[in-house]
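Scroll down for the structure; my scribbles are underneath it.
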Amino acid sequence: MENVGGMKLIDYDVPKTTSLLLIGPKSSGKSTLVNKISRAFKDNKFTTARAQVSYNSSAEDGTFFVQGYMIPKGSTSLCVYDTRGLSDCSSDNIEMLKKWMTKGVRHGELVLKDKDSSSLRTRLKCKAQKNGFLCGEVRMINFVIYVVNGLSVLKSMEGGDAEDKQYMDTIYTTFNTPYLSFKDDKPVIVVTHGDLLSYADRARVRVYLGELLGIPPTEQIFDIPDNCDAVTELTTVNMLQYSLEHAEKNIPRSHREWLAYK
Numbered sequence: 000m001e002n003v004g005g006m007k008l009i010d011y012d013v014p015k016t017t018s019l020l021l022i023g024p025k026s027s028g029k030s031t032l033v034n035k036i037s038r039a040f041k042d043n044k045f046t047t048a049r050a051q052v053s054y055n056s057s058a059e060d061g062t063f064f065v066q067g068y069m070i071p072k073g074s075t076s077l078c079v080y081d082t083r084g085l086s087d088c089s090s091d092n093i094e095m096l097k098k099w100m101t102k103g104v105r106h107g108e109l110v111l112k113d114k115d116s117s118s119l120r121t122r123l124k125c126k127a128q129k130n131g132f133l134c135g136e137v138r139m140i141n142f143v144i145y146v147v148n149g150l151s152v153l154k155s156m157e158g159g160d161a162e163d164k165q166y167m168d169t170i171y172t173t174f175n176t177p178y179l180s181f182k183d184d185k186p187v188i189v190v191t192h193g194d195l196l197s198y199a200d201r202a203r204v205r206v207y208l209g210e211l212l213g214i215p216p217t218e219q220i221f222d223i224p225d226n227c228d229a230v231t232e233l234t235t236v237n238m239l240q241y242s243l244e245h246a247e248k249n250i251p252r253s254h255r256e257w258l259a260y261k
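Residue numbers for the sequence shown follow numbering that gives the first Met the number 0, so the first one is 0 and each next one is one higher.
Here it is in structure tokens:
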């Protein structure tokens, strides 16, 4: 931690566990990214995936409970939280993000939305009761990783239909909500599904997102396809390093220091 303005380590409220929040539209690849981050810190790259990944998911499949994953497994220094996908309702998204960013997140928290069908609500509440509604301590988020599907972004760039345009509207609106920023630092972007695109299209997607969101495409947008190779693993580690450096940069002052400052 940098010693800026005469501040010392004791003057900061350093968390025991640094918490990173993964957010993004449904099927953007958040759970897959959790597994990539986890495998990057394992000696055996072929161990079982930790996060449940949905395949060909419907509207009633996917991640519905906030899931925290310690990285590396068994440690207490870093926790990555996987979350339910954002919807096409801007107000619901903002309210959900506001809650997580101002009050913290809890492993096992059930995330319900107004548009959920009664049958889905009943099924999810049954799952929640069976496993205990709330398990784990509440942790404040230290930085945000925003995950987007590169293929969906490209479709929107090339015209697309109403659903593709709504996808980009959701990204733009939620990315720019002040709750996700730490002072001047905006979330890092991870582009997934690049393995389905050409290298030229992957570059176009990053430049487009950089211009749309006002962030440098070569520094704050990371292209992490669904590949298992050294380049993808290195990019994953670099993205995590970027996130941790900015989380450390924005650690809040301790209560004692705030009183002295006032």
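No residue lacks a Cβ here, since even glycine has one placed at the ideal position from N, Cα and C.
Next item on the list: Kindly give me the distance between the Cβ atoms of residue 32 and residue 223, rounded to whole angstroms, as I take these residues to be in contact under 8 Å.
Entry: Indeed, because the Cβ distance is near 7 Å, the residues count as touching under 8 Å.
Margin query: Closer than 8 Å is the cut-off here; do at least three beta carbon pairs connect the region 105-121 with the region 20-34?
Written below: In short, these stretches do not touch, since the Cβ pair count stays below three.
Item checked: Opening and closing residue of the alpha helix (DSSP H) in which residue 30 lies -> Taken as a continuous stretch (DSSP letters only), the alpha helix (DSSP H) holding residue 30 covers 29-38.
Margin query: Among the candidates 118, 155, 75, 248, whose CA atom is the shortest distance from the CA of residue 138?
Written below: Checked all of 118, 155, 75, 248; the closest Cα to residue 138 is 75.
Next item on the list: Taking only the alpha-carbon atoms, compute the straight-line gap between residue 215 and residue 208 and give it to the nearest angstrom.
Entry: Taking the straight line joining both Cα atoms gives about 9 Å.
Next item on the list: Flag this pair as touching only if the region 86-98 and the region 170-187 have three or more C-beta atom pairs under 8 Å; answer yes or no.
Entry: Here the region 86-98 makes contact with the region 170-187; the two share three or more CB pairs at distances below 8 Å.
Check: Which value, in whole angstroms, describes the spacing of the CA atoms of residue 153 and residue 21?
Finding: Their Cα atoms are separated by approximately 21 Å.
Checklist line | For residue 148: DSSP bridge partner residues | finding: Bridge partners of residue 148: 191.
Notebook entry, point to check: residue 24: buried (16+ other C-beta within 10 angstroms of its C-beta) or exposed?
Noted result: The residue is buried, with at least 16 neighbouring Cβ atoms inside 10 Å.
Next item on the list: Would you decide whether residue 264 is buried or exposed? Buried here means 16 or more other CB atoms lie within 10 Å of its CB.
Entry: With the chain covering only 0 through 261, there is no way to say anything about residue 264.
Next item on the list: Tell me, to the nearest whole angstrom, how far the beta carbon of residue 39 is from that of residue 235; I am working on the premise that it is less than 8 Å.
Entry: With 8 Å as the limit, residue 39 and residue 235 qualify as a contact, their Cβ atoms being about 5 Å apart.
Margin query: Taking 6 Å as the limit between beta carbons, can you name the residues of its chain near residue 221, skipping five residues before and five after?
Written below: Excluding its 5 nearest sequence neighbours in each direction, residue 221 has C-beta neighbours in its own chain below 6 Å: 189, 234, 238, listed in chain order.
Margin query: Here's the rule: buried if 16 or more other CB atoms are within 10 angstroms of the residue's CB, otherwise exposed. What is residue 185?
Written below: Residue environment for residue 185: buried (at least 16 other C-beta atoms within 10 angstroms of its C-beta).
Checklist line | C-alpha distance - residue 187 paired with residue 117, whole-angstrom precision | finding: Using only the alpha carbons, I get a separation of about 35 Å.
Checklist line | For residue 79, the three-state DSSP class (helix, strand or coil) | finding: Residue 79: strand per DSSP, three-state reduction.
Notebook entry, point to check: Going by beta carbon distance, what residues of the same chain come within less than 6 Å of residue 66, once the five residues before and after it are set aside?
Noted result: Taken in chain order, the residues that qualify are 81.
Item checked: Distance, residue 178 Cα to residue 194 Cα -> For residue 194 and residue 178, the distance between alpha carbons rounds to 32 Å.
Checklist line | Residues sharing a beta bridge with residue 104, DSSP | finding: According to the DSSP secondary-structure assignment, residue 104 is paired through a beta bridge with 138.
Check: Who are the near neighbours of residue 155 in its chain, counting only those whose CB is closer than 8 Å to its CB and skipping five residues on each side?
Finding: Only residues of its own chain outside the window of five on either side were considered, and among them 163, 164, 166, 167 have a CB closer than 8 Å to the CB of residue 155, listed in chain order.
Next item on the list: Would you check if the distance between the CB atom of residue 242 and the CB atom of residue 142 is smaller than 7 Å?
Entry: Inclusion of residue 242 and residue 142 in the CB contact set at 7 Å is warranted, their separation being smaller than that value.
Next item on the list: Indicate the three-state DSSP secondary structure (helix, strand or coil) for residue 63 in the structure shown.
Entry: Correct three-state label for residue 63: coil.
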